[in-house]
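Okay, so here's the structure we're looking at.
2 protein chains.
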Amino acid sequence: MTNLFANLSEREVKKLMQVLKSNTITYRKNINILSNRTRDDYIAIIESGSLQLMFNDYNGNKTIIEELNAGEIFGSLTYSLNNDEITCITKEETQITYIEYNQITNGEIIKNDFYIIFVKNLIKLLSDQLNRCNQRIELLTMRTTRDKLLGYFNHQAQIKGSKTFIMNITFTELASYLSVDRSSMTREISYLKEEGFIKINNKKITLLY
Amino acid sequence: MTNLFANLSEREVKKLMQVLKSNTITYRKNINILSNRTRDDYIAIIESGSLQLMFNDYNGNKTIIEELNAGEIFGSLTYSLNNDEITCITKEETQITYIEYNQITNGEIIKNDFYIIFVKNLIKLLSDQLNRCNQRIELLTMRTTRDKLLGYFNHQAQIKGSKTFIMNITFTELASYLSVDRSSMTREISYLKEEGFIKINNKKITLLY
DNA sequence: TGTAAAGTGTTGCAATTGCAACACTTATTA
DNA sequence: TAATAAGTGTTGCAATTGCAACACTTTACA
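Residue numbers (our numbering), protein chains in the order written: chain A, 1 to 209; chain B, 210 to 418.
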């Protein structure tokens with residue numbers, strides 16, 4: 001169950017979904033899920049699984065814009081999907097719940113006293129997503145790969161509360177997240193190790209500065 | 210009056226602000242407005258004026274993360290401001306309304322029937338901000354300055370509904386938005402002109418492809 | 001209205017980076 | 001468990017980019 005339903009009982013969630021006229025779909029791996037929903041005004045909640053939002057540029061290249069995981073929301077509330085340059089692919093079996101945006105304020109739902117909890121959860125989810133986006137923008141606007149790496153490591157250290165922490169994504173994913181070439185990133189990491197800025201043991205990073 | 214109060218009468222807005230215990234502050238130009246509010250959980254609405262959110266890196270450089278204009282919101286709902294590497298400076302005289310996040314669902318406010326309009330406006334604002342962020346991420350993740358420029362121009366053409374449109378920011382601001390060196394960007398624009406991709410007359414861009 | 005500030009365009013040069021092509025290790029799954 | 005896919009590390013080379021230092025134009029404002 002995602003954060004959208006935090007502090008709600010199972011019964012309340014059931015009622016909510018019913019009144020919101022939500023529907024849940026389970027997709028197999030590698031399915032393009034935006035195919036026929038691109039122009040609807042809806043909220044999609046990832047109940048389980050994960051997605052990749054990709055941009056197809058003019059010469060056929062595909063760039064990963066972002067990865068979406070269980071608990072996150074997407075849809076028109078988060079991304080203008082009104083062009084066919086964007087595709088959204090399931091990375092694994094993925095369960096998604098759809099809610100039409102206008103249902104959020106329909107006449108019946110606001111009668112329920114737990115409605116305010118739902119709204120607060122939704123605002124929190126959007127807010128969290130926005131925080132993540134801004135955090136990423138902060139890194140993406142840095143000039144060099146070195147700055148991006150150190151920016152990322154610093155932020156992780158801050159979150160984990162320690163100068164030693166475990167990476168919870170692969171280096172390949174990190175390169176994609178920072179939008180740099182993976183091999184160049186590896187090279188820069190080597191330099192950082194040589195120059196004594198960091199120490200790396202498998203997925204364990206230690207900041208030495 | 211910002212979008213947060215769309216579809217609300219002046220009387221309702223007044224009531225709302227009162228119940229939300231909001232307060233409005235007017236700042237002069239070049240004021241650091243985050244100085245003593247960084248750890249509060251609040252929403253700030255820019256009533257008028259504009260701001261620059263900046264990142265101060267380890268060697269004292271300042272990078273503009275984003276510009277915030279009238280009608281936009283910021284604060285903990287949009288950005289984790291829990292480090293002192295971020296500063297937020299007024300670009301001109303700027304009026305800001307602060308609302309504590311928890312007031313949004315206080316006992317008194319939910320009694321008002323116009324409350325749901327306010328909530329819907331807030332969700333819309335967050336959603337718009339998120340759309341803008343994701344749009345920018347799409348551009349920032351592009352590999353070359355050329356791709357970023359064409360990506361930006363395409364998006365503008367799509368918004369304006371024409372292959373000819375007027376830039377509503379300066380080229381200097383565009384370079385900052387795309388996070389590339391301004392002079393390098395100008396060089397790339399020259400190449401695009403030479404190669405017949407675009408035509409530029411002052412602020413009027415025409416896409417020739 | 002005159003002066004300062006901001007924006008624009010250009011170019012040489014060095015540094016960074018992406019790309020490509022490897023070899024090798026670790027996960028995944030049929 | 002064997003085979004396939006995904007992830008990691010390295011390196012040469014070329015292309016892109018940032019930086020710096022200009023000159024010039026436009027805008028802001030005292």
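Idealized CB from N, CA, C, for every residue including glycine.
Only a predicted model underlies this, so the values are computations on that prediction, with no experimental measurement involved.
Item, Value
"Same chain, Cβ closer than 6 angstroms to B/Thr306, five either side skipped, listed in chain order", "Ser231, Thr233, Ile254 and Glu256"
"Members of the stretch 330-343 of chain B that neighbour chain A once the beta carbon cut-off is set at 7 angstroms", "Leu331, Ile332, Leu335, Ser336, Gln338, Leu339, Asn340, Cys342 and Asn343"
"is_contact[A/Val119, chain B] using C-beta, thresh 8 angstroms", "yes"
"Listed by chain order, chain A residues near B/Glu347 by CB distance under 7 angstroms", "Phe55 and Ile65"
"Endpoints, beta strand (DSSP E) assigned at B/Leu416", "Lys413 to Leu416"
"Backbone secondary structure at A/Met185 - three-state DSSP", "helix"
"8 angstroms Cβ cutoff, A/Thr26 in contact with chain B", "no"
"Closest Cα partner of A/Val19 within the set A/Leu68, A/Gly71, A/Ala6 and A/Lys111", "A/Lys111"
"Rounded C-alpha distance that separates B/Lys402 from A/Thr172", "36 angstroms"
"Option nearest A/Thr141 by Cα separation, candidates B/Val222, B/Glu219, B/Ile274 and B/Glu309", "B/Ile274"
"Candidates B/Ile318, B/Leu225 and B/Cys342, of which the one nearest B/Ile282 by Cα", "B/Cys342"
"Bridge partner(s) assigned by DSSP for B/Gly370", "Beta-bridge pairing links B/Gly370 to no other residue."
"Chain A residues whose Cβ lies nearer than 9 angstroms to that of B/Met351", "Phe55, Asp57, Thr63 and Ser179"
"Outcome for A/Thr170 when other beta-carbon atoms lying within 10 angstroms are tallied against a minimum of 16", "exposed"
"Bounding residues of the beta strand (DSSP E) (the contiguous stretch that carries A/Asn23)", "Asn23 to Tyr27"
"Under 7 angstroms from the C-beta of A/Tyr79: neighbouring residues of chain B", "Asn340 and Asn343"
"Close-in-space but distant-in-sequence residues of the same chain around A/Gly196 (CB under 7 angstroms, 5 per side omitted)", "Leu208"
"Proximity to A/Ser76 [Cα-Cα], best of A/Thr90, A/Ile99 and A/Ile43", "A/Ile43"
"Minimum Cβ-Cβ distance from B/Thr415 to chain A less than 8 angstroms", "no"
"Chain A contacts from the stretch 298-320 of chain B (Cβ-Cβ distance under 8 angstroms)", "Ile313, Thr314 and Ile319"
"Given 8 angstroms, three or more beta-carbon pairs between the stretch 295-306 of chain B and the stretch 407-415 of chain B", "no"
"N-terminal and C-terminal residue of the alpha helix (DSSP H) that B/Lys333 is part of", "Tyr324 to Leu349"
"Buried or exposed (CB count within 10 angstroms, at least 16 for buried), B/Arg368", "First, the amino acid is wrong: residue 368 of chain B is Ile here, not Arg. Burial call: exposed."
"Beta-carbon contacts of A/Glu188 that lie in its chain and below 7 angstroms, excluding the five residues immediately before and after", "Thr145, Arg146 and Leu149"
"Cutoff 7 angstroms; reference B/Tyr324; Cβ partners in own chain excluding five residues on either side", "Ile318"
"8 angstroms Cβ cutoff met for A/Tyr177 and A/Arg136", "yes"
"Sheet register partners of B/Asn278 (DSSP bridge)", "B/Ser259"
"Which of helix, strand or coil DSSP assigns to B/Lys224", "helix"
"Within-8 angstroms CB hit, B/Ile325 to chain A", "yes"
"Limits of the beta strand (DSSP E) - the one that A/Thr97 falls within", "Thr94 to Glu100"
"Beta-carbon gap between A/Leu4 and A/Ile117 smaller than 8 angstroms", "no"
"Assigned secondary structure, A/Asn36 (DSSP; H/G/I helix, E/B strand, else coil)", "Below a pLDDT of 50, predicted positions are generally treated as unreliable, and A/Asn36, at 48, falls in that range; no measurement from the model is reported."
"Delimiting residues of the beta strand (DSSP E) encompassing A/Thr90", "Ile86 to Thr90"
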